[in-house]
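Let me begin by presenting the structure, written as structure tokens, before commenting on it.
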Amino acid sequence: TRTPVNVTVTGAAGQIGYALLFRIASGHLLGADVPVKLRLLEIPQGMKAAEGTAMELDDCAFPLLKGIDIFDDPNKGFEGANVALLVGARPRTKGMERGDLLSANGGIFKPQGAAINAHAADDIKVLVVGNPANTNALIAQAAAPDVPAERFTAMTRLDHNRAISQLAAKTGAAVSDIKRLTIWGNHSATQYPDIFHAEIAGKNAAEVVSDEQWLADTFIPTVAKRGAAIIEARGASSAASAANAAIDHVHTWVNGTAAGDWTSMGIPSDGSYGVPEGIISSFPVTTKDGKYEIVQGLDINEFSRARIDASVAELVEERDAVRELGLI
Ligand code: NAI
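The opening residue of the sequence shown carries number 2 in UniProt numbering; numbering runs sequentially from there.
Here is the structure:
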């Protein structure tokens, strides 16, 4: 029998947490044969609701779920963690400036990074979901100097999945026929969903679509603003689709990408494609044996270059802002 994998989830009492925990416990995060122990981290006001969710998890009698503990102290929450999903964050409220938002999140992600550094397992893998995800991941990573930087990742898989869905709807293809799509840059409105290297049933997606105006005026803004469209329609932000993407991100990282395909992950840049080293930006990556590699050698046309540069410029600004605030 395998030793259970310790999975820490922050923001466990939130709406993404509610959509996420049951899927982790039923084996979708790591595999149908991998037992898990959940460590839920909340703030004191969220503890009671997290306990309620834990009661429901008990009531599912999931065979793979070997324990649930709930904490409001990050030092305890990340103890022995093999996988950490950092979902809880401070949302932007009305009239909040970017600096205020970054400081408020620095107050969450800096101590969480330090707690991961001090208490997580040596093989810790971190996914940051809470926004601004890329920069929150950078803050946590900077606070964890003893953990290899590449273990800190940010979620752009929801954007990736949204782009696949939009492209399938446009072309009438099955989602499973779409490969090699890439989200570049920041998980924000400046992100760039790139179909120039994507394939639809083996054919180049940009050639299949063959409509640059649709790409520029419909596809890209629809994917980039999908979060706002969901809020408008549901009256609440994406939760089940975000949880699903978090599951996909970690599952792919741990279990590998399919031959001939890749995925999108926000990861510390090594300087590839002119993205400044160290910022956490989305790239096309392949994964194998729990490690990822940036897909190299892609030809970046002018259309793509301008959009990648714009999103990366935003990430550099965010990095400079958190540096000025002393958060990294
Ligand atoms: P929510 O407000 O329903 O839940 C957040 C939970 O985090 C609350 O229960 C809160 O008590 C908890 N929390 C706050 N500070 C905490 C801390 N320091 N430690 C532990 N828990 C803490 O929010 P929801 O809808 O679950 O979203 C969570 C985050 O995910 C938001 O920042 C949202 O913007 C982001 N998000 C990211 C997406 C992505 O694609 N990267 C997609 C959708 C949402």
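No residue lacks a Cβ here, since even glycine has one placed at the ideal position from N, Cα and C.
Query                                                                                                                                            : Result
Where asparagine 7 falls: helix, strand or coil (DSSP)                                                                                           : strand
Through-space distance from isoleucine 184 to threonine 258, alpha-carbon basis                                                                  : 16 Å
Where lysine 77 falls: helix, strand or coil (DSSP)                                                                                              : helix
Beta-carbon proximity list for glycine 47, same chain, < 6 Å, skipping 5 on both sides                                                           : Ala14
Buried versus exposed, by CB contacts within 10 Å (16 or more), isoleucine 17                                                                    : buried
For serine 305, the nearest candidate out of Arg40, Leu182 and Asp178 (CA to CA)                                                                 : Leu182
Chain-order list of residues whose beta-carbon lies under 6 Å from that of glutamate 319 (same chain, five-residue window excluded)              : Thr136
Neighbour-count burial assignment, glycine 272, 16 or more Cβ in a 10 Å radius                                                                   : exposed
As assigned by DSSP and simplified to three states, the class of arginine 320                                                                    : helix
Same chain only: Cβ atoms within 8 Å of glutamine 192, ignoring 5 sequence neighbours per side                                                   : Thr157, Asp160, Ile184, Trp185, Gly186, Val224, Ala225, Ser283 and Ser312
Bounding residues of the beta strand (DSSP E) (the contiguous stretch that carries glutamate 233)                                                : It is not in any beta strand (DSSP E) - glutamate 233 instead sits in the alpha helix (DSSP H) that spans 227-235.
With 16 other Cβ atoms within 10 Å as the buried cut-off, status of glycine 114                                                                  : buried
Phenylalanine 63: first and last residue of the uninterrupted alpha helix (DSSP H) it sits in                                                    : Unbroken run through phenylalanine 63: none, as it is neither H nor E.
For alanine 90 and asparagine 7, believed in contact at Cβ under 8 Å, the rounded distance                                                       : No, asparagine 7 and alanine 90 are not in contact; Cβ-Cβ is about 22 Å, not under 8 Å.
Rounded straight-line distance, which links the Cα of leucine 86 to that of threonine 2                                                          : 25 Å
Residue nearest to isoleucine 71 in terms of C-alpha spacing, selected from Leu316, Met56 and Phe63                                              : Met56
Segment limits, alpha helix (DSSP H) that includes tryptophan 254                                                                                : 241-256
Cβ-heavy atom distance, leucine 42 to the ligand NAI, below 7 Å                                                                                  : yes
Same chain only: Cβ atoms within 6 Å of threonine 11, ignoring 5 sequence neighbours per side                                                    : Leu42, Leu87, Val88 and Gly89
Secondary structure, alpha helix (DSSP H): runs of 4+ residues fully inside the UniProt domain "Lactate/malate dehydrogenase N-terminal" (7-146) : 16-26, 48-60, 75-78, 99-120 and 134-143
Sufficient close CB pairs (3 or more, under 8 Å) joining the stretch 16-33 to the stretch 90-105                                                 : no
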